[in-house]
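Using this note's numbering, read the sequence shown as starting at 28 and increasing by one per residue.
C-beta atoms are modelled at their ideal positions from N, C-alpha and C, and glycine is treated no differently.
These numbers come from a predicted model, not from an experiment.
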Amino acid sequence: MVSAPYKRCSCSATCCVPSGLPSSMTMISKSVPLKAQPARERISADINRYRRISADINRYQRIPADISGYRRFVQRETRREPLCGQFDAVPVTAALGSPSRPARTYCAGSAPAATRPAAGCRARCTWAAAPTPCRRAGPPCQRRCDRDRRRGRKCPAGGGNRVRPLLSDMAEAARLRDEIERRERELRELRERLGAVMEGHRDGTERRDDGTDRRDDDTARRDDADAADAADAVFRAELPPVPGRSALSPADIQRYSRQLVLPELGVRGQLLLARCSVLVVGCGGLGCPLAQYLAAAGVGRLGLVDHDVVETSNLHRQVLHGEARTGVPKAASAAAALRRLNSGVHYVPYCGALSSRSALRLVRQYDVVADCSDNVPTRYLLNDACVLAGKPLVSGSALRLEGQLVVYNYQGGPCYRCLFPKPPPPDTVTNCADGGVLGVVPGIVGCIQALEVLKIVSGMGSTFNRFMLMFDALEGRFRNIKLRPKKSDCAVCGDNPSVTALQDYEAFCGSSATDKCRTLHLLSSKDRISVEEYKQLLDEQVPHVLLDVRPQAEVDICHLEHAVHIPLSKLEEKDKEYLEYLEKRICEEKQRTDGQASFPVYVVCKLGNDSQKAVRILQELPDKEFGPILAKDIKGGLMTWASRIDPTFPQY
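Shown next as structure tokens:
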């Protein structure tokens, strides 16, 4: 860049050149003839222009603001997009400004520190060319205003005739929040009403002599009839047959192409899948993966039966549901999730309990039934209904770290009654709530159930009508156990069946047709106390021993600090070490008493069932070792304690 001043001499000779030019240019100028005078004048004009550019560069170098720093500032402020709280702005010369361009205006609080003026130098924002100043300030805000104006939106900062576009959005959000609160209140009320119904309408209960609850006979009959009618109404609708298809559409070929190329399935098998219907009873840990893979495979119709609602404790294994679905009926939640997976399948949710009045009518409308329930009465109900309707039954179960799978009533194989003619005693049956389950175990069994259903409906057949599949997750091993053949004297599928219609299976099994924990009544009222009565004993500091008979894994989850832990299994085994420990604790507490005849020992468990068994064992212990003790059970266990006494106590 030329920096020396340009000097012109008084003569007009061709040798006169700017003193700042190099010697090479001087020699060229000396050789230029007189007729080249216009070219020399152009060079002089260029030199003058270069001199002005040099002066401008020197002036720009004196500006404290830095262009790259200003750009970073603009990007930062654009991301943040603040609104000036004072609606005031100060005039500040921009880093990219020039004497020929007017000074831009920045918000006093967001201008660069190097260009921020004194506090007293404040002026109204000049960005908005309107009677009312724009509330935004600074180039980032101006860019946003320009963008909104190009899109036909009004200024959210209130400049001129511009109003905030977020005002309508905020009003809509407020309305939606009010609507959500109202719906949540209604949902809470419905849950309370449902809880009252499930607990047996306590308002109409009486006391038996043994201390158990008994509803008024008329009230009980009326409520049971209403509940049965309401449940049956869900299953009364008659479904039309699944429409047959002679060919696959291009969309179907693209969707199911990976399984169409299998020679075992092919186009024929896929068309059979599209014509079939499957009834899934239970949308829990087994039913969720089963229904998910059946829907993905392209079955024609899926019936989903479940009377329960989604709970937080279900989510570790029931993968079709989510946190947002808590409190929603499982059948409806599963149907909604499956529609998002494959909208070409017809889903029929049944949000009710399957009973002997509706099971046979429902089973006859489907080609295959999948038993994913978790209780014995429903298993007998589905078995008898499938035998009477002539439908195959794919049954699965999972508990703790083990799973089982059998196909009943298929191609001359046995039914459930052939293997288990009599139901097990109710107190020997354990479900997931009592015994626990690792979430992936029912997922594995449910996937194998889906596999067997697909093999049956596509014509490949199943081998598990002669074998029982047993899965041990701890050892990672599958085993096949050969089943007994079909019994000729079976009560439902034999040569002379005695069961020709569905019966009361809850009375037959002695337990409720639900996977919820059952409440046992093994003790009389004098051997039991409520959680409120025990809380009063604690407040009065009455000497006693609290015995917790839960397994160690449950004690690790939560426990009462003053409780003595001895598992029920050790009491049943009469383990000497544990009995000596209990005797020691009783003797220590007896020293605080005034020699009362019988020392109180209160027994607690999770739900109040195992504690009743423990009380019976304690009552049989010899007095010469423990002395006279008064053993009582705390009704409802720790879960009732958590719901009625201490809401902060964990529930599991």
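Own chain, CB closer than 8 Å to residue i, minus 5 neighbours either side, in chain order
i    : result
D394 : C303, S304, V305, K418 and V484
T339 : E350 and T353
Contacting residues, own chain, Cβ-Cβ under 6 Å from residue i (five flanking each side not counted)
i    : result
C680 : There is no way to answer for residue 680, as the model of the chain reaches only from 28 to 679.
A540 : N402, P404, T405 and E533
G312 : R344, Q345 and P469
L266 : Q392
D522 : S515
R78  : none
S360 : V337, H348 and R352
A362 : L331, Y374 and P376
T667 : V558
C536 : V403, P404 and P450
With 16 other Cβ atoms within 10 Å as the buried cut-off, status of residue i
i    : result
A274 : exposed
R234 : Here the model assigns R234 a pLDDT of 40, short of 50, so the residue's position is not dependable, and the following value carries that caveat. Flag for R234 reads exposed.
D516 : exposed
P627 : buried
E479 : buried
S137 : Note that S137 scores 42 on pLDDT, short of 50, meaning its location in the model is unreliable; the coordinates nonetheless yield the value given after this. Buried.
G349 : exposed
V433 : buried
G503 : exposed
G271 : exposed
N75  : exposed
V396 : buried
S50  : Note on S50: pLDDT 42, under 50, position unreliable in the model; the coordinate value appears next. S50 is exposed by the Cβ-count criterion.
I656 : buried
A72  : exposed
Integer Cβ distance of residue i from residue j, believed to fall under 8 Å
i    : j    : result
L381 : V326 : Not a contact, Cβ separation roughly 20 Å.
G473 : C413 : Not quite, the Cβ-Cβ distance comes to about 19 Å (not below 8 Å), so this is no contact.
L368 : Y374 : Not confirmed; about 10 Å, so no contact.
C445 : C520 : 7 Å
H589 : L573 : 6 Å
Y26  : N492 : Lying outside 28 to 679, the shown extent of the chain, residue 26 is not represented and no answer is given.
G440 : F498 : Not a contact, Cβ separation roughly 20 Å.
P316 : A477 : 7 Å
V464 : L426 : 6 Å
H334 : G379 : 5 Å
G293 : L287 : 7 Å
L428 : A500 : 4 Å
L496 : I475 : 7 Å
Which listed residue (the options) has its alpha carbon closest to that of residue i
i    : options                   : result
G635 : G664, L481 and G654       : G664
R577 : E599, V569, Q563 and K562 : E599
R295 : P512, M487, K633 and E213 : M487
R263 : R391, S525 and G654       : R391
D637 : P277, V558, T455 and L347 : T455
Q579 : E567, P594, D566 and L342 : P594
R671 : K562, Q639, I644 and F653 : K562
L387 : S71, G371, Y407 and F498  : Y407
P512 : N341, A528, C442 and L465 : C442
P570 : T620, S557 and L317       : T620
P268 : P649, E616 and L389       : L389
Coil, strand or helix - residue i by DSSP
i    : result
P469 : helix
Y77  : helix
Y679 : coil
D279 : helix
G430 : strand
Y443 : helix
A397 : strand
G293 : helix
I207 : helix
F653 : helix
G185 : Confidence is the limiting factor: at G185 the pLDDT is only 47, short of 50, which leaves the residue's position unreliable, though a coordinate-based value still follows. In this structure, G185 counts as coil in the three-state DSSP scheme.
D461 : helix
S382 : coil
D602 : coil
V403 : helix
K597 : helix
D554 : helix
Cβ neighbours of residue i in the same chain (closer than 7 Å, five flanking residues each side left out)
i    : result
V642 : L550, D554, V630, A658, K659 and D660
A40  : Summary for A40: the model assigns pLDDT 44, below 50, so the residue's position carries little reliability; its value from the coordinates is reported in the next sentence. Around A40: no qualifying Cβ.
V336 : G354, V355, P356 and K357
V582 : D575 and H592
K597 : Y605
A323 : L368 and N369
F494 : N507, I508, K509 and L510
D411 : V519, V526 and L529
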